[in-house]
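Colleague: Numbering (this note's numbering), first residue to last: 45 to 228.
One structure coming up, written as structure tokens, with questions to follow.
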């Protein structure tokens with residue numbers, strides 16, 4: 045078990061950082077306490093604090109960009125840590141470090157299990173923004189989460205560039221998500 049999150053899978057991601065958010069209001073109306081947020085960074089924040097690149101992992105993934113996008117990470121590549129300060133936050137609900145059903149509920153001292161609340165992409169955006177605020181950037185270069193804009197309208201941070209990567213999946217589930225996103 046990891047001392048930061050109480051989950052047995054965080055050891056699968058090397059060199060993660062953690063931020064513990066004391067209290068976080070979810071869109072569903074629930075409040076999480078002592079919320080672990082796992083993340084990884086690569087590169088350095090420049091003096092202007094405007095070289096941040098946010099990379100979002102897949103729903104079942106982790107913040108380990110090098111593991112799943114390794115060929116794109118490196119000097120002179122798309123995700124260049126010599127040029128950018130790269131941030132990848134682990135989403136809520138993932139067992140790899142951020143709060144999830146495997147996390148110990150601070151009130152019951154037991155894993156949340158099926159009582160873990162429903163979270164949204166907006167919850168992820170807002171909690172990652174809290175972590176980014178502590179890291180200090182003013183401007184970011186961002187990608188999307190599941191082909192959807194990652195927080196451009198949800199957070200006051202200034203975006204220089206936004207790259208959305210539409211997904212090509214065609215299923216009833218994805219069609220419903222696409223429809224839901226058009227409502228915002």
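We put the beta carbon where it would ideally sit given N, CA and C, even for glycine.
What you are looking at is a predicted structure, and each value in this text was computed from that prediction instead of being measured.
Starting from the N-terminal side, write out each stretch of the beta strand (DSSP E) that is 3 residues or longer and does not extend beyond the stretch 145-186.
Modeller: The stretch 145-186 contains these whole beta strand (DSSP E) runs: 183-186.
Colleague: Kindly indicate which residue of 131, 152 and 161 has the alpha-carbon position closest to the one of residue 178.
Modeller: With distances taken between Cα atoms, residue 178 lies closest to 131.
Colleague: Report yes if the C-beta distance between residue 31 and residue 160 is below 8 angstroms; otherwise report no.
Modeller: Because the chain spans 45 through 228 in this model, residue 31 falls outside it and cannot be assessed.
Colleague: Expressed to the nearest angstrom, what Euclidean distance is found between the alpha-carbon atoms of residue 76 and residue 61?
Modeller: Residue 76 and residue 61: Cα-Cα distance of roughly 20 angstroms.
Colleague: Can you tell me where the beta strand (DSSP E) with residue 117 in it begins and where it stops?
Modeller: Premise fails: residue 117 is in no beta strand (DSSP E) and is neither H nor E.
Colleague: Report all residues from its chain with a CB closer than 6 angstroms to the CB of residue 172; omit the five preceding and five following residues, and keep chain order.
Modeller: For residue 172, where only same-chain residues beyond five positions count, the Cβ hits under 6 angstroms are 133.
Colleague: What number of angstroms, rounded off, separates the C-alpha of residue 138 from the C-alpha of residue 91?
Modeller: So the alpha carbons of these two residues sit roughly 33 angstroms apart.
Colleague: Candidates 87, 57 and 93: which alpha carbon is nearest residue 119's?
Modeller: Per the Cα distances, 87.
Colleague: If we count the other Cβ atoms within 10 Å of its Cβ and call it buried at 16 or more, is residue 55 buried or exposed?
Modeller: Flag for residue 55 reads exposed.
Colleague: In or out: residue 154 buried (at least 16 other Cβ within 10 Å) or exposed?
Modeller: Label assigned to residue 154: exposed.
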